Amino acid sequence: MAKKLMEFQTDDEMELFALIKGAEKRVTKTGKDFIALTFQDRSGEIRGNYWDAKEEDFKNFQAGRVVLLKGKREVYKNAPQVKIISMRVARDDEPSDPTMYTQKAPVSADQLRDEFAKLVFEITNPDWNRVVRYLLKKYDREFFTFPAAKTNHHAFEGGLAFHTLSIVKLAKSVIAQYEQVDESLLIAGAILHDLGKTIELSGPVATKYTIEGNLLGHIVIVDEEIVEAAKDLKIDPSSESLVVLRHMIVSHHGLKEYGSPVEPHMLEAVILHALDELDAEIQMVSGALKNTEPGDFSERIFGMDGRNFYKPSIN
1 MAKKLMEFQT DDEMELFALI KGAEKRVTKT GKDFIALTFQ DRSGEIRGNY
51 WDAKEEDFKN FQAGRVVLLK GKREVYKNAP QVKIISMRVA RDDEPSDPTM
101 YTQKAPVSAD QLRDEFAKLV FEITNPDWNR VVRYLLKKYD REFFTFPAAK
151 TNHHAFEGGL AFHTLSIVKL AKSVIAQYEQ VDESLLIAGA ILHDLGKTIE
201 LSGPVATKYT IEGNLLGHIV IVDEEIVEAA KDLKIDPSSE SLVVLRHMIV
251 SHHGLKEYGS PVEPHMLEAV ILHALDELDA EIQMVSGALK NTEPGDFSER
301 IFGMDGRNFY KPSIN
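Letter by letter, the sequence shown follows residues 1 to 315 in UniProt numbering.
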């Protein structure tokens, strides 16, 4: 079986098919064009630069294309990268389907869908229950296939639903510990908190931000979706029931400088923000340590203040 991207060791020569996850046109200090690339397959991601790029190269080597990559694995600033020797676009008679190379959630979309179908019954407030059901049905395909982010945490197919389910499971542990928590509100808020990413992001292959994603962001998007759902369901969007649900969404980033229009002003909103941070950070660190040898430090994680993390060699 052919090796995958992250199965090569430093100084190994590489020849394999891979998906271009990201491609950015850049210019060197001497004024020469190059392409900053991120390659992906189901083992992980690795970066590499295609130097002295011509106009034809920018047209050929775009995000979402599968290429035959020849190169050498190196290390740059404690992170793996590939020194590109040659590269060409995969032909139709070769393994050129991008979906063959996308990373996927550890459970299937059908399994995730079944989990959420059960969870909805735990939302006993009728307004919240109806809005959650409405939006899960409206964005069924996207919610169960989209990533939770372009990069950083849960940036894989099905990552959005998987991340959401992880938060709901954490929330249920908190609910079991603290009887004063409103179970229905916390579960409803957790399910909906990132649903706007079904519009903010383009999908699981070569993920990018949409126009709405760049100009509005998923918090504004899902708040609007909740209001529209309420109107369709003949629920007053300005009722206390809907306002507290909307507050769960608009405050879940915690601070205004992190994108929340308001900071959490309810117990359940404080919990949701904390659990969202916890699950994202666990996934980011786990992903970095996955390709780290025991006794070494991981590559630095941009989404965690550029810190790197140690993987103990203790058994």
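C-beta atoms are modelled at their ideal positions from N, C-alpha and C, and glycine is treated no differently.
These numbers were taken from a predicted model, which means no experiment stands behind them.
Quick check on the DSSP output: the beta strand (DSSP E) that includes residue 232 runs from which residue to which? Your numbering for residue 232 matches position 232 in the sequence shown. First-last for residue 232: 218-232, but that is the alpha helix (DSSP H), not the beta strand (DSSP E).
Count Cβ pairs between the segment 244-259 and the segment 182-194 that sit closer than 8 Å; are there 3 or more? yes
Run through DSSP, which three-state label would residue 181 get? Walking along the sequence shown from the start, residue 181 turns up at place 181. Coil at residue 181, not helix or strand.
Those residues which DSSP pairs with residue 139 across a bridge: For the purposes of this step, residue 139 is taken as residue 139 along the sequence shown, with counting starting at 1. Partner(s): none; residue 139 has no beta bridge.
Own chain, CB closer than 7 Å to residue 289, minus 5 neighbours either side, in chain order: By one-based count along the sequence shown, residue 289 stands at place 289. Cβ neighbours of residue 289 beyond the five flanking positions: 298, 309, 311.
Distance between residue 106 and residue 166 (C-alpha atoms, nearest Å): As a first step, residue 166 must be located in the sequence shown, where it is residue number 166. As a first step, residue 106 must be located in the sequence shown, where it is residue number 106. If I take the Cα positions, the gap works out to 12 Å.
Residue 169 in three-state terms, based on DSSP: Start at 1 with the first residue of the sequence shown, and residue 169 comes out as number 169. The answer is helix: DSSP assigns residue 169 an H, G or I state.
From 74, 5, 57, residue whose alpha carbon lies closest to that of residue 43: Translated into positions along the sequence shown, residue 43 becomes position 43. Nearest C-alpha to residue 43: 5.
For residue 153, count neighbouring Cβ atoms within 10 angstroms of its own Cβ and tell me buried if that reaches 16, exposed if not. In the sequence shown, counting from the first residue as 1, residue 153 sits at position 153. Residue 153 comes out buried.
Based on Cα-Cα distance, which residue from 13, 10, 22 lies nearest to residue 206? Working through the sequence shown from its first residue, we reach residue 206 at position 206. The shortest C-alpha separation from residue 206 is found at 22.
So the candidates are 3, 144, 84; which of them puts its Cα closest to the Cα of residue 203? In the sequence shown, the residue the question calls residue 203 occupies position 203. Closest option to residue 203, Cα to Cα, is 144.
Limits of the unbroken beta strand (DSSP E) element including residue 74: Taking the sequence shown and counting its residues from 1, one reaches residue 74 at position 74. First-last of the beta strand (DSSP E) with residue 74: 66-76.
Pull the bridge partners of residue 50 from the DSSP assignment, please. Taking the first residue of the sequence shown as position 1, residue 50 is located at position 50. Paired residue(s): 35.
Rounded to the nearest angstrom, what separates residue 139 and residue 198 at their Cα positions? Reading the sequence shown from its first residue, position 139 is the one you call residue 139. Reading the sequence shown from its first residue, position 198 is the one you call residue 198. If you take the alpha carbons of residue 139 and residue 198, they lie about 7 Å apart.
Tell me which residue opens and which closes the alpha helix (DSSP H) that residue 86 is part of. Taking the first residue of the sequence shown as 1, we reach residue 86 at position 86. No alpha helix (DSSP H) contains residue 86, which is instead part of the beta strand (DSSP E) from 79-89.
Name the one or two DSSP bridge partners that residue 22 has. Against the sequence shown, residue 22 aligns to sequence position 22. DSSP, once it has assigned bridges, lists 38 as partnering residue 22.
Residue 127 versus residue 241: straight-line alpha-carbon distance, rounded: Sequence index remark: in the sequence shown, residue 127 carries index 127 (1-based). Sequence index remark: in the sequence shown, residue 241 carries index 241 (1-based). Answer to the nearest angstrom: the Cα atoms are 7 Å apart.
When the distance is taken between beta carbons, is residue 245 closer than 8 Å to residue 185? As a first step, residue 185 is located in the sequence shown; it is residue number 185 there, counting from the start. As a first step, residue 245 is located in the sequence shown; it is residue number 245 there, counting from the start. Yes, Cβ-Cβ distance for residue 185 and residue 245 is below 8 Å.
Taking DSSP's pairing of strands, which residues face residue 104 in a bridge? Counting from 1 along the sequence shown, the entry for residue 104 is found at position 104. BP columns for residue 104 point to 157.
Determine the contact status of residue 52 and residue 34, defining contact as a CB-CB distance below 8 Å. Mapped onto the sequence shown, residue 52 falls at position 52. Mapped onto the sequence shown, residue 34 falls at position 34. In contact: residue 52 and residue 34 (Cβ atoms closer than 8 Å).
Given a cut-off of 8 Å, decide if residue 122 and residue 183 are closer than it, judged by their beta-carbon atoms. The residue labelled residue 183 in the question sits at position 183 within the sequence shown. The residue labelled residue 122 in the question sits at position 122 within the sequence shown. In contact: residue 183 and residue 122 (Cβ atoms closer than 8 Å).
DSSP three-state call for residue 17: helix, strand or coil? Along the sequence shown, one-based indexing puts residue 17 at 17. Residue state, collapsed to three classes: strand.
Measuring only the C-alpha atoms, how far is residue 295 from residue 314? As a position in the sequence shown, residue 295 is number 295, starting the count at 1. As a position in the sequence shown, residue 314 is number 314, starting the count at 1. Straight-line Cα distance between these residues: approximately 8 Å.
Cβ of residue 99 within 7 Å of any heavy atom in the ligand ADP? Because no ligand of any kind appears in the structure shown, any question about the ligand ADP cannot be addressed here.
Excluding the 5 residues flanking residue 271 on each side, which residues of the same chain have their C-beta closer than 8 Å to its C-beta? Here residue 271 refers to the residue found at position 271 of the sequence shown. Closer than 8 Å at the Cβ level, and outside the excluded window around residue 271, lie 171, 174, 181, 186.
For residue 2, which residues in the same chain have their Cβ closer than 7 Å to its Cβ, ignoring the five residues on either side in sequence? Against the sequence shown, residue 2 aligns to sequence position 2. So the qualifying residues of the chain are 16.
Skipping 5 residues on each side, what residues in its chain have a beta carbon closer than 7 Å to that of residue 146? Residue numbering aside, residue 146 sits at position 146 when the sequence shown is read from its first letter. Answer for residue 146: 160, 197, 198, 201, 203, 204, listed in chain order.
Sequence-distant residues of its chain with Cβ nearer than 6 Å to residue 125 (five each side left out): The residue given as residue 125 occupies position 125 in the sequence shown. 184, listed in sequence order.
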